[in-house]
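For the sequence shown, the positions run 592 to 986 when our numbering is used. Ideal Cβ placement from N, Cα and C applies to all residues, glycine included. The structure appears right after this line, and notes come after that.
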Amino acid sequence: MREAYLNIDMKRFDVVIIGAGLAGLQCAKLLSQKGAKILLVDRKTDLAKGIHTTGIFVRKTLEDFDFPEGTLGKPIKNVTLYSPKLKEIRLESEKEEFRVGKMGLIYDEFLQDAVAEGVRFARGTSYKNAEMKDGETIVNLEKKGEAYSVIAKVLIGADGANSRVAKDLKLDENKEWIVGYEEVFHSKTSDKEPRLHCFLDAKLAPGYLAWIADDGEEIHVGVGGYAADFNPREALKCFRQKTENVFDFNELELAETRGGRIPVGGVLRKIANENGILIGDAAGAVSPLTAGGLDPAMRLSKYAAEIVWERLQSENPKILLNYSGELFRARFVSRLWMRKIIKTFTNQRLLELGFAFLRGRIGQKFAKHVFFGRGSFPDIESRQSTVISYQKSEI
Ligand SMILES: Cc1cc2nc3c(=O)[nH]c(=O)nc-3n(C[C@H](O)[C@H](O)[C@H](O)COP(=O)(O)OP(=O)(O)OC[C@H]3O[C@@H](n4cnc5c(N)ncnc54)[C@H](O)[C@@H]3O)c2cc1C
592 MREAYLNIDM KRFDVVIIGA GLAGLQCAKL LSQKGAKILL VDRKTDLAKG
642 IHTTGIFVRK TLEDFDFPEG TLGKPIKNVT LYSPKLKEIR LESEKEEFRV
692 GKMGLIYDEF LQDAVAEGVR FARGTSYKNA EMKDGETIVN LEKKGEAYSV
742 IAKVLIGADG ANSRVAKDLK LDENKEWIVG YEEVFHSKTS DKEPRLHCFL
792 DAKLAPGYLA WIADDGEEIH VGVGGYAADF NPREALKCFR QKTENVFDFN
842 ELELAETRGG RIPVGGVLRK IANENGILIG DAAGAVSPLT AGGLDPAMRL
892 SKYAAEIVWE RLQSENPKIL LNYSGELFRA RFVSRLWMRK IIKTFTNQRL
942 LELGFAFLRG RIGQKFAKHV FFGRGSFPDI ESRQSTVISY QKSEI
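Take a look at the structure:
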């Protein structure tokens, strides 16, 4: 590792955030609104390229956060759930339950807002490593083969499921994930009723789901499952063959493919030390049951911004220790158990049996709760967290 020594020419920031996904952008915007001097770093030159998420936002996120006009697809009220033998359960809701985000636009708009608040954005810049020195953190970066360093009071890892910042800060790292892979098509007919189709299939989506999210504008066709048990690209091909009698893919125009890891082990325990914190996927902030990470990315970033701001105001680095994954894990116990149970459904017959249960009265209630429940990542006020570990005498 190249040693960087504190150098008076190095630029100093209150906060350096690695990763301009939803978590990093949201945190950068909120912290700069409070007055912090922020450097946001992403290896991408264009945030609208190389998107890895389907971008389905749930009702509670849409109710609690503002999205710029024109960045969301049409509302989706209904879900069809399919068994391995393509038996159906149709779940109908009165409410607008989901909307597929036009993620390229969302990232660009969020970035513009953050830059307007004063955030400096280093695009096309890779995070290499960090060194803790004299109570500050030297963050080593590289742009087009040129290495340079900056100094941060707080380093924030928003660098996704396989976080390098987590490693360098010696914080917890994600150990359990599923992989998702999808094709995105532009719809040629916009008169179809928007609907989310979810398929249970132990071979094509082991431990998770295959999906077709069709809001009449974009159609996302994807598979997700434990990486050790399937080949996502092959599975997607087979999934399209399996559903070709139900959906005519030939009429559609392929726009892009997306894919990546989704951590499903629950929020990590140790997500902060005196030098920095983790947010979003880097912190494991994804629902272990639904594998939804967009709502947690928004909410955890909001909470993180409050704690980091407190730390900047007081100049006491120990305040960051209040930001603990333990605050959230208790709320995920049932979802972690559900994940363990889902993992045991390793063959089609078992899944077909499970599906038969879902068709019953209690099963349908349960399915509606999973798809339409108002559950979200817990909101925690920064004041609540001060019951944990922070003692002024330690300063
Ligand atoms: C196929 C798929 C479909 C999904 N669908 C949904 C869905 O429909 N709804 C939902 O709620 N969740 C979904 N998820 C999960 C959700 O997308 C993630 O939880 C969420 O996007 C995480 O946001 P993030 O900002 O933490 O991380 P990311 O979006 O991964 O952002 C990390 C950023 O860090 C940058 N970066 C990484 N390393 C470095 C480095 N060394 N130097 C500089 N920059 C770096 C990357 O370029 C990236 O921009 C899906 C995930 C996948 C893989």
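Judged by the Cβ position, glycine 871 qualifies as a neighbour of ligand 1 at the 7 Å threshold, a heavy atom of the ligand being closer than this. Around the beta-carbon of tryptophan 900, 16 or more other beta-carbon atoms lie within 10 Å, marking it buried.
Distance from the CA of threonine 716 to the CA of lysine 668, rounded to the nearest whole angstrom, comes to 40 Å.
If you draw a straight line from the Cα of histidine 960 to the Cα of valine 691, it is about 20 Å long.
The beta strand (DSSP E) runs lying completely inside the segment 806 to 884 and spanning 3 residues or more are 809 to 816, 844 to 854, 867 to 869, given in chain order. The beta strand (DSSP E) runs lying completely inside the segment 639 to 702 and spanning 3 residues or more are 647 to 649, 669 to 673, 679 to 682, 689 to 691, given in chain order.
Put simply, of Ala818, Thr834, Thr728, Phe957 the residue whose alpha carbon is nearest the alpha carbon of valine 812 is Thr834. Secondary structure of tyrosine 799 (DSSP, three-state): coil. With respect to the 8 Å criterion, tyrosine 772 and glycine 798 are not classified as neighbours on the basis of their beta carbons. Less than 8 Å divides the Cβ of leucine 843 from the Cβ of lysine 779. Per DSSP, methionine 601 is not a residue of any beta strand (DSSP E), being assigned neither H nor E. For tyrosine 739, the shortest separation between its Cβ and any heavy atom of ligand 1 does not lie below 7 Å. By the neighbour-count criterion, in which a residue is buried when 16 or more other Cβ atoms sit within 10 angstroms of its Cβ, tryptophan 768 is buried.
Apart from sequence neighbours up to five positions away, the residues of its chain that approach lysine 766 with a beta-carbon distance below 7 Å are Gly856, ordered along the chain.
Leaving aside the five residues that flank leucine 845 on each side, the residues in its chain whose CB is nearer than 7 Å to its CB run, in chain order, Glu774, Phe776. By the CB criterion at 8 Å, alanine 738 and lysine 620 fall outside the cutoff. Burial state of glutamine 617 is buried, judged by a 10 Å Cβ sphere holding 16 or more other Cβ atoms. Residue side-chain check: leucine 613 places its Cβ nearer than 7 Å to a non-hydrogen atom of ligand 1. Residue nearest to phenylalanine 838 within the set Ala804, Leu760, Ala888, Pro854 is Ala804 (criterion: CA-CA distance). Closest option to lysine 828, judged by alpha-carbon separation, among Gln703, Ile870, Thr848: Thr848.
Just measuring C-alpha positions, the residue of Ser674, Ser905, Val858 sitting nearest proline 887 is Val858. Taking the Cβ of arginine 926 as the reference point, every heavy atom of ligand 1 lies at 7 Å or farther away. Rounded to whole angstroms, aspartate 759 and proline 785 show a C-alpha spacing of 44 Å.
Distance from the CA of asparagine 753 to the CA of lysine 783, rounded to the nearest whole angstrom, comes to 38 Å. For serine 925, the uninterrupted alpha helix (DSSP H) run begins and ends at 924 to 934, by DSSP. Excluding residues up to 5 positions away in sequence, Val691, Gly692, Met694 lie with their Cβ nearer than 6 Å to the Cβ of glycine 646 in the same chain. If you check the CB distance, lysine 734 and alanine 721 do not come in under 8 Å. Under the 8 Å Cβ criterion, the segment 879 to 897 counts as touching the segment 606 to 616, having at least three qualifying pairs. Isoleucine 932 is classed as exposed because its beta carbon has fewer than 16 other beta carbons within 10 Å across all chains shown. In this structure the segment 867 to 881 touches the segment 917 to 930; the number of beta carbon pairs closer than 8 Å is three or more. For histidine 788, the closest C-alpha among the options Gly916, Ile642, Val814, Gly726 is that of Val814.
Per DSSP, glycine 736 lies in no alpha helix (DSSP H) segment and is marked neither H nor E.
Taking C-beta atoms under 8 Å as the contact rule, glycine 871 and alanine 749 qualify, at a distance of about 5 Å. According to the DSSP secondary-structure assignment, methionine 723 is paired through a beta bridge with Thr728. The three-state reading of DSSP puts lysine 779 in coil, since its state is none of H, G, I, E or B. Isoleucine 608 counts as buried, since no fewer than 16 other beta carbons sit within 10 angstroms of its beta carbon.
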